[in-house]
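Just so you know, the sequences run in chain order A and B. Heads up: the first sequence runs through residues 1 to 221, numbered per our numbering. Heads up: the second sequence runs through residues 222 to 442, numbered per our numbering. Step one of this worksheet: look at the structure below.
Number of protein chains: 2
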Amino acid sequence: MDAMLDTEGKETSATHGAYRRLRNMILTGELPPGQKLKIEQLRGLLDTGASPVREALSLLTSDMLVERIDQRGFRAAPVSKCNFEEILLLRCNLEETALRASIANADGAWEDRLVLRHHHMKKASQKGAPDFEDAHKAFHMALLDNSKLPLLLRYCSQLYDLNIRYRYLAAGGSSYKKRDIAAEHQQILDAALNHDADSATRHLIDHYRRTGEYLSNQMEP
Amino acid sequence: MDAMLDTEGKETSATHGAYRRLRNMILTGELPPGQKLKIEQLRGLLDTGASPVREALSLLTSDMLVERIDQRGFRAAPVSKCNFEEILLLRCNLEETALRASIANADGAWEDRLVLRHHHMKKASQKGAPDFEDAHKAFHMALLDNSKLPLLLRYCSQLYDLNIRYRYLAAGGSSYKKRDIAAEHQQILDAALNHDADSATRHLIDHYRRTGEYLSNQMEP
DNA sequence: ATGTCAAATAATATCGATTTTTTCTGGAGA
DNA sequence: TCTCCAGAAAAAATCGATATTATTTGACAT
């Protein structure tokens, strides 16, 4: 009834597979915030043993997508407006640092990668492909990855994931206006290709603040 | 049916205990960077089963103290000058953000906590207590924790740990001059108590840069 | 009715053993 | 001598079952 959707064939290990699937379910809201995650239940859902499930949950714990409670098992991490705003704040800070470093290291190969990722993202956006999310993240990470700062990139990636979770929760995953966004992406790309760090970071941060406000307004507390 | 031997009272779970001990061994260099971490070996060392060891290693993976390699197990994370410099860079950036936010929220209770932590740290330093490391971290985290930004604090704590690892590796864990450091701590404390964000962050960052250079000089590549 | 405690239930945490996968070793062919 | 392959050994990943710990239930006393 379900699972052949995400499968790109390669499942190296049961643990890794469970990690990917659980992570996806949490990001999309299929496993809602705060929900108790019982081993048995997940074991059945993922059709695997208890050990891989348990290990996958441990990994998700450090991605801050799952909380471990004393001796009482696991639950999907809760959400709050406060948490959302912190994510936004940190993203603005860290991605600015990373983007400036990326531009400082700019070279032809990086520019090529950027153009390519942007193109793929546009293509996926037009035909409403289910992998738009992936392409979108790939573009954003490509902007940053020329910084050659792996820890920073890791944090940015983590925060990116925490953020898309709020997008799904607030809007069912697709309802934020794509025209606006496309133009914003274009501006960021152009500035990056011109090695204009000030302009690129300004556009990037505006991009985040704008969608941030949009989402913030959709939340209660 | 046995385990009341370990006199330290609070071992909530075998997994958590293994996590703490392994983490300590990696931070202090007892398990050197790059070392293969075999389950059997650790199982014997920690006197526990394979499951807790495995789960502890998973947790350490996301602290970036352990690397998981495909289907080939785990190893202690490698070190490099490059990695060290990135840690330094990120700490300066993130801790400045956190410290400014802390000072912005300053109140009497926070100031009390600061003074107390500082006092404990000085006391531990004088009598060369083995828990100086803990007191030192507690003081630094107390500077930041009034920011009320849990994600940021988590990152700062992680980076702090990654950094003390380099201290142990470079100097056997204790040889960096304590007089200097005491004065620097005092300056940071005073500035924070005066709610002087500029001065506090300047002193804090200088503090990091200085010990950073000291350690950097002790490294080869 | 209500609060408390003990037995029953459910879920977690852990262990021991099995199954895969990788790594090591040694010999046959070039 | 070197490379390539098969078989043996080692290690990791996974499973099934047990022990431990939390939660619920229901009877009893207030």
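Even glycine gets a Cβ: it sits at the ideal position worked out from N, Cα and C.
Chain B contact residues for residue i, given Cβ-Cβ distances below 7 angstroms
i	result
Y155 of chain A	Y376
D196 of chain A	The premise fails here: D196 of chain A is roughly 22 angstroms from chain B at the closest Cβ pair, so nothing lies under 7 angstroms.
Residues that DSSP places opposite residue i in a beta bridge
i	result
K137 of chain A	BP columns for K137 of chain A are empty, so no partner.
E288 of chain B	B:R296
K257 of chain B	B:R296
Residue i: contacting residues in chain A (beta-carbon distance under 8 angstroms)
i	result
I260 of chain B	The premise fails here: I260 of chain B is roughly 12 angstroms from chain A at the closest Cβ pair, so nothing lies under 8 angstroms.
T282 of chain B	L59 and S62
Proximal residues of chain B, C-beta to C-beta of residue i below 9 angstroms
i	result
I87 of chain A	L372
L215 of chain A	Here the premise fails: no neighbours, minimum Cβ distance about 17 angstroms.
L90 of chain A	L315, T318, L370, L372, L373 and Y376
C-alpha gap between residue i and residue j, whole angstroms
i	j	result
L46 of chain A	R167 of chain A	25 angstroms
L193 of chain A	R100 of chain A	12 angstroms
L425 of chain B	L89 of chain A	21 angstroms
T201 of chain A	N83 of chain A	23 angstroms
S420 of chain B	N384 of chain B	23 angstroms
Q256 of chain B	L390 of chain B	14 angstroms
E213 of chain A	L374 of chain B	24 angstroms
I290 of chain B	L278 of chain B	12 angstroms
H406 of chain B	R21 of chain A	47 angstroms
G265 of chain B	A239 of chain B	12 angstroms
K111 of chain A	Y208 of chain A	Note on residue identity: the sequence assigns Glu, not Lys, to residue 111 of chain A. Answer to the nearest angstrom: the Cα atoms are 22 angstroms apart.
E40 of chain A	I188 of chain A	46 angstroms
A129 of chain A	S437 of chain B	48 angstroms
M25 of chain A	A104 of chain A	37 angstroms
E30 of chain A	P254 of chain B	39 angstroms
L370 of chain B	G49 of chain A	37 angstroms
S157 of chain A	E96 of chain A	14 angstroms
A109 of chain A	G329 of chain B	54 angstroms
L114 of chain A	T211 of chain A	22 angstroms
E306 of chain B	P299 of chain B	14 angstroms
L263 of chain B	D180 of chain A	54 angstroms
R293 of chain B	H120 of chain A	34 angstroms
H416 of chain B	F74 of chain A	40 angstroms
K358 of chain B	K137 of chain A	35 angstroms
C-beta atoms of residue i and residue j nearer than 8 angstroms
i	j	result
I308 of chain B	L159 of chain A	no
A37 of chain A	A76 of chain A	In the sequence as presented, Ala is not what sits at residue 37 of chain A; that position holds Leu. Yes.
L280 of chain B	R386 of chain B	no
A418 of chain B	N367 of chain B	no
E55 of chain A	T61 of chain A	no
Y376 of chain B	L337 of chain B	no
T12 of chain A	P52 of chain A	no
A135 of chain A	A142 of chain A	no
K343 of chain B	A412 of chain B	no
L65 of chain A	R91 of chain A	no
L144 of chain A	S80 of chain A	no
H118 of chain A	F132 of chain A	no
Q439 of chain B	A392 of chain B	yes
D284 of chain B	D382 of chain B	yes
Proximal residues of chain A, C-beta to C-beta of residue i below 7 angstroms
i	result
T318 of chain B	N93
Contacts that residue i makes with chain A (C-beta to C-beta distance below 9 angstroms)
i	result
D291 of chain B	T12 and S13
Contact list for residue i against chain B, beta-carbon separation under 8 angstroms
i	result
L65 of chain A	Correct list: empty, because the minimum Cβ distance to chain B is about 11 angstroms.
Between the stretch 12-25 of chain A and chain B, which residues of the former have CB atoms less than 7 angstroms from a CB of the latter, in chain order?
-> If the cut-off is 7 angstroms between Cβ atoms, the stretch 12-25 of chain A has T12 and S13 near chain B.
For the stretch 46-59 of chain A, which residues have a CB atom closer than 8 angstroms to at least one CB atom of chain B, in sequence order?
-> Taking 8 angstroms as the Cβ-Cβ cut-off against chain B, the residues of the stretch 46-59 of chain A that qualify are S51, R54, E55, S58 and L59.
According to a CB-to-CB cut-off of less than 7 angstroms, which residues of the stretch 378-393 of chain B neighbour chain A?
-> Correct list: empty, as no residue qualifies.
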